[in-house]
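Below you'll find the structure, written out as structure tokens, and then a few comments.
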Amino acid sequence: MYEYEGTSPAKIHDELTLPDNYSMEDIKSRVKSWLASPMGSEYVMEVVHERHIILSKSKHDMRVCCVGCITTCASIILVVMIVIGTVGIYDYYALMNAMILAMGIVMMIMVIFVAIFCLRPQKAVIEMRIGNEIPIKVSILRSGELEKSAHEYFSLRNSIHREPGHGGPSLEF
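Going letter by letter, the sequence shown gives residues 3 to 175 in our numbering.
Right under this line is the structure:
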């Protein structure tokens with residue numbers, strides 16, 4: 003059961019009803035085994051209360067940052083070559099002014115690029131509230147980058163809801 007909370011699809015509420023033979027310790031051990039698996043290795047678990055767990059991930063995409071820095075360095079060299087070619091090497095004052103202006107423009111573009119792509123991490127938060135009644139109901143609220151963390155969420159859900167004796171935290175092919 004999925005339902006959007008409010009008008010924003012930035013949060014999704016889901017609820018699991020577990021079989022009668024599940025205990026609180028089973029759920030905790032399955033969440034911990036999922037955190038040790040490759041799917042959950044980027045998540046950090048915070049226990050707010052015995053029956054309230056928050057799993058959060060905040061990851062920077064370093065490939066985007068590296069590409070931006072390499073592109074900026076290449077554009078600085080290109081701008082220097084263009085300025086030297088257009089202004090001429092004999093007019094030193096005009097050459098320095100053009101170089102400073104060009105470097106300022108490139109640096110401003112780099113600052114904007116870093117602020118947009120590098121400083122904004124990919125965040126995903128999975129908040130779990132575990133009920134007291136039997137059968138145990140687990141209320142899950144997901145927020146953040148939902149599309150990018152969907153496979154991780156379904157892996158967590160499968161590891162919690164699997165039958166006893168099922169091998170491993172999740173089997174994905």
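Glycine included, C-beta positions come from ideal geometry on N, C-alpha and C.
Do you know offhand how far residue i's Cα is from residue j's?
{"i": "S58", "j": "I111", "result": "31 Å"}
{"i": "V50", "j": "N99", "result": "58 Å"}
{"i": "Y24", "j": "L37", "result": "19 Å"}
{"i": "I212", "j": "V69", "result": "Nothing can be reported for residue 212: it is not among the residues displayed for the chain, which extend from 3 to 175."}
{"i": "V127", "j": "I72", "result": "32 Å"}
{"i": "G106", "j": "I79", "result": "13 Å"}
{"i": "H163", "j": "E27", "result": "14 Å"}
{"i": "E44", "j": "S151", "result": "11 Å"}
{"i": "R144", "j": "K34", "result": "18 Å"}
{"i": "I114", "j": "I14", "result": "31 Å"}
{"i": "S39", "j": "V108", "result": "42 Å"}
DSSP beta-bridge partners for residue i?
{"i": "R131", "result": "H54, S141"}
{"i": "K125", "result": "S60"}
{"i": "V49", "result": "I55"}
Kindly indicate which three-state DSSP category residue i falls into: helix, strand or coil?
{"i": "G106", "result": "helix"}
{"i": "S151", "result": "coil"}
{"i": "T74", "result": "helix"}
{"i": "S39", "result": "coil"}
{"i": "S60", "result": "strand"}
{"i": "L20", "result": "coil"}
{"i": "E44", "result": "coil"}
{"i": "D28", "result": "helix"}
{"i": "I136", "result": "coil"}
Please report the Cβ distance between residue i and residue j, rounded to the nearest whole angstrom; I am assuming they are in contact, meaning their Cβ atoms lie under 8 Å.
{"i": "V82", "j": "M101", "result": "6 Å"}
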